[in-house]
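Q: This is the structure, below, for whatever I ask next.
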Amino acid sequence: MKTSVMRRARRFSLLLTALAGMLLSQLSQAEQIEAHPELGAVFKTMGVTGTFVLFDVANDVQRVYSPSRAQVRYFPASTFKIPNSLIGLETGAVKDLNEVFRYDGKPRMLKAWEQDMTLAEAIRASNVPVYQEIARRVGLHSMASWVDKLDYGNRQIGKMVDQFWLGGPLKISALEQTRFLAKLAQKKLPFSEQTIDAVHAITLHEQTETYQIHAKTGWSNATKPGIGWWVGWVKRGDQLYPFALNIDIRRDEDAALRVPLARQLLSRLGVI
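Numbered according to mature numbering (1 follows the signal peptide of the UniProt record, and there is no 0), the sequence shown spans residues -30 to -1, 1 to 242.
The structure is reproduced here in structure tokens:
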């Protein structure tokens, strides 16, 4: 009888511990959500449907257009090149930013990919075959471990190490993108300073006298409609503003709207 009571007490204690862990996890993501429906005018002018999230890190506020969609997970597509770069450099799958990935002579989807490239060149050209090679070098077990450690989206990579970010099972929401990018921008991810500095360097999209934009596009056509991304962060002095845009891609021309649309939204919110 005494043993049975002790077992029940132990199970209860373990349950309380688990619940406490879940609560702490929720509290760690309990930033304020501030809806900005007026931003819908920009989407309407561009003729697209989507969501936009701007994370004001200093004030712990997520400024959001379409909060319901901002919580929906989609395939990250080429935005996963950011964590893939971090993981590749940290594990040694990529020697350094000067390592050259040799073009194998096979036809590519884009002519721009049919040449040798460094990592910096590959991320700017969004060269899928190069990043598939990096993922294969990292390996399935190591990649799964890193994706889980980073708490990236649904943390599911399946069994194909060079496909999971393109057509699943990995998915991530716009809100989760900004949380991940906030940690990267603040250098709070579990990587060496050298690795983080390298990825900061290769994601630099624009630099002016008043701000920097680090960013990466993404485009998945694995669903109908397709999903287009532009994610990154703006640095203004000591202030950081991670952001994430995703839109429905109903025609190829919509993809060209991602960056100008997000730039208009960033301007409306006074960040650039």
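All C-beta atoms, glycine included, are put in the ideal place defined by N, C-alpha and C. Keep in mind it's a predicted model, so treat the numbers as computed, not measured.
Taking the alpha-carbon of residue 132 as reference, which of 171, 172, 106, 156 has the nearest alpha-carbon?
A: Checked all of 171, 172, 106, 156; the closest Cα to residue 132 is 106.
Q: Extract the residue ranges of the alpha helix (DSSP H) inside the stretch 25 to 89, only unbroken runs of 4 or more that lie entirely within it.
A: If we require 4 residues or more, the alpha helix (DSSP H) runs fully inside the stretch 25 to 89 come out as 37 to 40, 51 to 61.
Q: Taking DSSP as the reference, what is the three-state secondary structure of residue 142?
A: The answer is strand: DSSP assigns residue 142 an E or B state.
Q: For residue 69 and residue 186, what's the separation of their Cα atoms in angstroms?
A: Approximately 21 Å, taken between the alpha carbons.
Q: To which residues does DSSP link residue 188 through a beta bridge?
A: Beta-bridge pairing links residue 188 to 199.
Q: Please report the distance separating the alpha-carbon of residue 225 from that of residue 127.
A: Going by the C-alpha atoms only, they are around 25 Å apart.
Q: Quick one: measure Cβ to Cβ for residue 210 and residue 23, integer angstroms, because I've assumed they're closer than 8 Å.
A: At roughly 14 Å, the Cβ-Cβ gap does not stay under 8 Å, so residue 210 and residue 23 are not in contact.
Q: Checking the sheet assignment: what are the DSSP bridge partners for residue 181?
A: For residue 181, which the question treats as bridged, DSSP gives no partner whatsoever.
Q: DSSP three-state call for residue 212: helix, strand or coil?
A: Correct three-state label for residue 212: strand.
Q: Measuring alpha carbon to alpha carbon, tell me which of 239, 241, 235, 57 ends up nearest residue 16.
A: With distances taken between Cα atoms, residue 16 lies closest to 235.
Q: Under three-state DSSP, which class holds residue 6?
A: Coil, per DSSP.
Q: How big is the Cα-Cα spacing for residue 111 and residue 11?
A: The alpha-carbon atoms of residue 111 and residue 11 are separated by roughly 45 Å.
Q: Quick test of the definition: if touching needs 3 or more C-beta pairs under 8 Å, does the stretch 151 to 161 touch the stretch 202 to 217?
A: With the cut-off at 8 Å, the stretch 151 to 161 and the stretch 202 to 217 touch.
Q: Which of helix, strand or coil does DSSP assign to residue 91?
A: Residue 91 falls in the helix class under three-state DSSP.
Q: Roughly how many whole angstroms lie between the Cα atoms of residue 228 and residue 164?
A: Approximately 30 Å between the Cα atoms of the pair.
Q: Under 6 Å Cβ to Cβ from residue 101, same chain only, skipping five residues before and after it: list those, please.
A: Counting only Cβ-Cβ distances below 6 Å, and skipping sequence neighbours, we find 51, 54.
Q: Please report how far the alpha carbon of residue 192 lies from the alpha carbon of residue 139, in whole angstroms.
A: Cα to Cα, residue 192 sits roughly 11 Å from residue 139.
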